[in-house]
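Residue numbers (the UniProt record's numbering): 1 to 164. The block underneath contains the structure these notes are about, expressed in structure tokens.
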């Protein structure tokens with residue numbers, strides 16, 4: 001709704017594209033919702049490797065193209081929900097038992113400032129108890145803290161899922 005209010009869907013530039021490494025574990029999406037969407041991803045649970053690759057990629061890009069940053073708001077983005085660190089760290093995880101108790105899932109998500117959505121993006125439902133779970137906060141903390149908060153919440157969800 002924020003993007004529609006700002007007419008972000010009109011007059012899309014012709015210079016859009018996705019650039020990626022050979023393994024498709026590091027991607028830069030140009031001129032989609034924001035000017036750049038930088039993605040580091042892989043299957044498995046090696047969060048350190050994913051985060052390290054992201055940090056190294058961002059440093060390389062920023063050495064050539066500086067990012068706009070405000071002392072109070074953090075990094076400036078087109079969508080105001082991404083202001084601050086701009087980082088959205090997410091995990092696709094199967095939680096079939098918790099899927100049967102959405103109140104409990106939402107309670108844990110709230111405690112750890114997590115956003116729960118389906119794996120096909122915002123405003124989608126879970127399919128087969130698989131969720132995309134990410135940090136909700138982007139302002140008032142560092143990138144590392146945002147990822148750590150997401151990791152702590154995921155570990156708690158795994159613990160609860162196993163106990164059910």
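C-beta atoms are modelled at their ideal positions from N, C-alpha and C, and glycine is treated no differently. A quick note: this is a predicted structure, and the numbers were derived from the prediction, not measured.
Taken through DSSP and simplified to helix, strand or coil, residue 75 comes out as strand. Of all alpha-carbon atoms in 134, 126, 57, the one lying nearest the alpha-carbon of residue 82 is that of 134. About 5 angstroms separates the beta carbon of residue 34 from that of residue 77, a gap short enough to meet the 8 angstroms contact definition. Just measuring C-alpha positions, the residue of 151, 18, 68 sitting nearest residue 108 is 151. The shortest C-alpha to C-alpha distance from residue 25 to any of 54, 32, 5, 36 is the one to 54. Comparing alpha-carbon positions, the option among 124, 92, 129, 99 lying closest to residue 41 turns out to be 92. With contacts defined by Cβ atoms closer than 7 angstroms, residue 39 and residue 27 form a contacting pair. According to the DSSP assignment, residue 57 belongs to the alpha helix (DSSP H) that extends over 47 to 64. The residue from 90, 44, 15, 161 with its alpha-carbon nearest to that of residue 101 is 161. Residue 15 is a Cβ neighbour of residue 31, given a cutoff of 7 angstroms. Taking the C-beta atoms as reference points, residue 118 is found no nearer than 7 angstroms to residue 96. Fully enclosed alpha helix (DSSP H) runs of no fewer than 4 residues occupy 96 to 99, 102 to 111 of the segment 84 to 139, in order along the chain. For residue 153, the secondary structure class from DSSP, reduced to helix, strand or coil, is helix. Annotation for residue 16: no beta strand (DSSP E) segment contains it, and DSSP assigns it neither H nor E.
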